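Student: Sequence lines, in order, name chains A and B. In terms of this note's numbering, the first sequence has 143 at position 143, counting the first letter as 1, and numbering is strictly consecutive. Add 1000 to a position in the second sequence, counting from 1, and you land on the number used in this note's numbering. Dropping the structure in here first, questions after.
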Amino acid sequence: MSEPTMAGDVAEMFREQIEYRELLAQMTKRDLLLRYKQTIMGVGWAVFMPLLNTAVFSVIFVRVAPLDTGVPYPLFAFCGLWAWNFLASSLRFSVNSLTGNTSLVTKVYFPREIFPFSSVAVCLVDFAVGSIVLIGLMAYYGVWPGVSIVALPAVLLVHVLFTAAVALLLAMANLFYRDVKYLFEVMLTVWMFATSVVYPTDLIGGRLGAVLGLNPMTPIIDAYRAVLLRGEWPFTPAFIIAAGASVVLLCVSWFTFHRAEYTFAENI
Amino acid sequence: MEPRVVFDKVWKKFRRGERHDSLRDLVPSLVRRMVRGTPQGLQAEEFWAVEDVSFTVPAGQALGIIGPNGAGKSTSLKLLTKILRPTTGACRVQGRVGALIEVAAGFHPDLTGRENVFLQGAIMGMSRAEVLERFDDIVDFAGVGAFIDTQIKRYSSGMNARLGFSIAAHLRPDVLIIDEVLSVGDMAFQQRCVERMFEFKRQGVAIVFVSHNLQAVADLCDQVLVLRRQRLFLGDPVQGISTYVRSLEGATDSQGPVHITAALVDANGGPVEIVKPGDRLTLKATIDARSAVHDFVIAFRIVRSTDQLLVYDAHFPASDFGVSNLSDGGGLTVDFDFRANLTRGQYQLETHLFDVESQRHLAWLRPAGLFAVEEHRTWGGVADVAASASVTRIER
């Protein structure tokens, strides 16, 4: 056998994804069907959590400590929570996606990327459902997007690429070290408050603010608000850097994942 | 043309014992690795599950892998299906691989049979269109038609396995990898599975087959690999099976209260390898008591090696011979005289001592002897009843 080359591996990564594209669809469908069957609210959960959080934070930042965000605060918060929720639930789902399918990992061969990818795909469906609520809220507050809405697919693409990159890393890390799952839960809460989800992080300022500026989720969420709520173009320098970083991170994490996946069956 | 399956000097290393999978263990191991470099050979706790095994399987042929538990059979199959990757060596499979290793692994209990067929089909690499086209055949073959819209968790384990096998059987693979699936389902279903495998072979599918059912291996396979981490034998199935059965020798419990040794001889007292039906044979056994035993039975059994079919099982109470008490250090010799009224095949003899009072085996020697029967009349069966045919034309 020839030594695995980088080019050969990359070619294999893409070939396998094309070969098994129907499996990705089937696994996504499986998880959606299961959720629909096992829970009464089904996709309702996708909108319930961000709505509840919006209500809570609206009380805090409208009544207790009023905050000027340039748009009605509930709209600001829901947009942030809705976008954040896609990342958070994708990652929550993928961190267990390999370890929760032990029998498949040890008994059947197919590209293991399918597990975290289908987790992200399921959450993308929830994300689409949540957008209906966002449209409702926008209509209620009379906020309409401008022509910059055409940039929305670009924002979504960066968001998905970044989420998939982190999902691959977390799924793999949790397979090798089971405490990753717990550590991740803690980090996720901290990460949310380090991102401009319920308040703009540029209000923090100082050295801490500079550190938080490295968080790629802030420009991504700000980009959603720019195209949806403010009628502005999203392509700020911070967003472009975040986009580039997402692509690089995805390449690195996918390649690492692919190199490691042959050891999954014996390490799970 | 290169064979469909190539297994070339494959070695596979595993770790024994509990794996440490918390972050706490990561730092020390990283430091160790940085200081000493990545280890190449065997570390403590590591062992070779497969050592330097090679074989090839051309299109339209079947290879059977036999060996005791833990011999590396399932590991070899997982290497073939890319679930595991060899530590060194190469393992190449050409074309579409159908794996019947755990046929129901992808099933989700909360989904219906129909939903699971599409999911499992996709896991095995079938497109939705292919599954749709063969859906009715799959359901018919599995015989679960009335329950196809029922959740899998309501299925019996037999139905579950039948549906799983049926999906795999409709994959139309180039290479089929089968692990002990014949143990599922009833007799009729097993028969259909075997027929299906012969059909695959005729269509040019290369098959790798692991089973403890040696008769099925002998029937289906063109070559047999006897595995015990290393390759003990590769070649003719009948020879391979006999190599395997011989390798199991020494199964007698040397720590027990009684020790048995035995030798099989023919009517002239010479050693026995191949006999004709009806030949007279004698199994000469020696029994050594290491503690006092009373009231026991001496048993003599004939078992067909290929499928472990019990052909004959006779009990001789020691009291019939006036030797029911055996003191510590006492001994007996027993001659079992018998006729090999058997059809063509491989047979093994077994003998054991059974304590009537405690209902326990005092000693068990298997195989106590091995022989093969050669004749060219029968096509199956086990008992030679010396049938003959007389044929006359009806004059009209």
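Built from N, CA and C at the ideal position, the CB exists for glycine as well. For clarity, every value in this text was computed on a predicted model and none was experimentally measured.
#1: In whole angstroms, what is the alpha-carbon distance linking L1227/B and G1235/B?
#2: What does a CB cutoff of less than 7 Å around W82/A pick up in its chain, not counting 5 residues either side in sequence?
#3: Within 8 Å (strictly less), CB to CB, does A265/A reach chain B?
#4: What does the Cβ neighbour count give for F1371/B, buried or exposed, with the cut at 16 atoms within 10 Å?
#5: Which same chain residues end up closer than 6 Å to F61/A when comparing Cβ atoms and leaving out the 5 residues on each side of it in sequence?
#6: Given V1272/B, which residues of its chain have a CB within under 8 Å of its CB, disregarding the five upstream and five downstream residues?
#7: Chain B beta carbons: is any one of them nearer than 8 Å to that of L91/A?
#8: With a threshold of 8 Å between beta-carbons, can S1127/B be considered close to chain A, or not?
#9: Is the shortest distance between the beta-carbon of V59/A and the beta-carbons of chain B less than 8 Å?
#10: Whose Cβ in chain E lies nearer than 7 Å to the Cβ of F110/A?
#11: Tell me the DSSP secondary structure of W233/A in three-state form.
#12: In the DSSP assignment, find the unbroken beta strand (DSSP E) run with S1054/B in it and report its ends.
#13: Return the CA-CA distance between T256/A and I1066/B, expressed in angstroms with no decimal places.
#14: Using the C-alpha atoms, what's the distance from R112/A back to E261/A?
#15: On the premise that G1330/B lies in contact with A1289/B, defined as a C-beta separation below 8 Å, what is that separation, rounded to the nearest angstrom?
#16: Name the chain B residues whose beta carbon is nearer than 9 Å to that of T195/A?
#17: Taking only beta-carbon atoms, is G1106/B less than 8 Å away from chain A?
#18: Does L1176/B come within less than 8 Å of chain A when only Cβ atoms are used?
#19: Taking DSSP as the reference, what is the three-state secondary structure of K1082/B?
#20: Drop a sphere of 10 angstroms on the beta-carbon of K107/A, count the other beta-carbons inside from all chains shown, and report buried for 16 or more, exposed for fewer.
#21: Between the region 166 to 198 of chain A and chain B, which residues of the former have a C-beta closer than 8 Å to a C-beta of the latter?
#22: Are the C-beta of V122/A and some C-beta of chain B separated by less than 8 Å?
#23: Taking the continuous alpha helix (DSSP H) assigned at R1231/B, which residues delimit it?
#24: Where does F1007/B sit, in a helix, a strand or coil, going by DSSP?
#25: For E1214/B, count neighbouring Cβ atoms within 10 angstroms of its own Cβ and tell me buried if that reaches 16, exposed if not.
#26: Give a yes or no on contact between the region 1126 to 1136 of chain B and the region 1241 to 1248 of chain B, applying the rule of three or more CB pairs nearer than 8 Å.
#27: For E16/A, go through chain B and note every residue whose CB falls closer than 8 Å to its CB, in chain order.
#28: What's the C-alpha gap between G1064/B and E1357/B?
#29: Terminal residues of the continuous alpha helix (DSSP H) containing H159/A?
#30: For H1361/B, name the three-state secondary structure that DSSP assigns.
#31: Let me make sure I understand the geometry here. Which of N96/A, V43/A and T69/A has the alpha-carbon closest to that of V180/A?
#32: Enumerate, from N- to C-terminal direction, the unbroken alpha helix (DSSP H) stretches of 4 or more residues contained entirely within the region 1153 to 1221 of chain B.
#33: Closer than 8 Å between beta carbons: that is the criterion. Which residues of the region 199 to 233 of chain A meet it against chain B?
#34: Please list, in chain order, the chain A residues whose beta carbon lies closer than 7 Å to that of A1118/B.
#35: In chain order, which alpha helix (DSSP H) runs of at least 4 residues are fully inside the region 23 to 70 of chain A?
#36: Verify whether the separation of the beta carbon atoms of S196/A and I221/A is less than 8 Å.
Tutor: So, from the data block:
#1: Rounded to whole angstroms, L1227/B to G1235/B spans 12 Å at the Cα level.
#2: P50, G130 and L134
#3: yes
#4: buried
#5: L67 and Y73
#6: L1264, V1265, D1266, L1281, G1369 and F1371
#7: It does not: the Cβ of L91/A has no partner Cβ on chain B nearer than 8 Å.
#8: Answer yes: the Cβ-Cβ gap between S1127/B and chain A drops below 8 Å somewhere.
#9: Chain B has no Cβ within less than 8 Å of the Cβ of V59/A.
#10: Protein chains in the displayed structure are A and B, and chain E is not among them.
#11: coil
#12: E1046 to V1057
#13: 37 Å
#14: 7 Å
#15: Confirmed, Cβ separation roughly 5 Å.
#16: Correct list: empty, because the minimum Cβ distance to chain B is about 25 Å.
#17: Cβ-Cβ to chain A under 8 Å: yes for G1106/B.
#18: no
#19: coil
#20: When all chains shown are included, K107/A counts as buried.
#21: Under the 8 Å Cβ criterion, the region 166 to 198 of chain A contributes F176, Y177, R178, D179, V180 and L183.
#22: Against chain B, the CB of V122/A has no partner CB under 8 Å away; the residue lies outside that interface.
#23: First-last for R1231/B: Q1230 to G1235, but that is the beta strand (DSSP E), not the alpha helix (DSSP H).
#24: strand
#25: The amino acid occupying residue 1214/B in the given sequence is Leu; Glu does not appear at that position. Under this definition L1214/B is a buried residue.
#26: no
#27: Residues of chain B passing the Cβ test: none, with the nearest at roughly 10 Å.
#28: 43 Å
#29: Boundaries of the alpha helix (DSSP H) around H159/A: L152 to F176.
#30: strand
#31: N96/A
#32: 1157 to 1169, 1187 to 1202 and 1214 to 1220
#33: none
#34: Looking at the sequence itself, residue 1118/B is Phe, so the reference to Ala does not match. Neighbours of F1118/B on chain A, chain order: Q26.
#35: Qualifying alpha helix (DSSP H) stretches, in chain order: 44 to 58.
#36: yes
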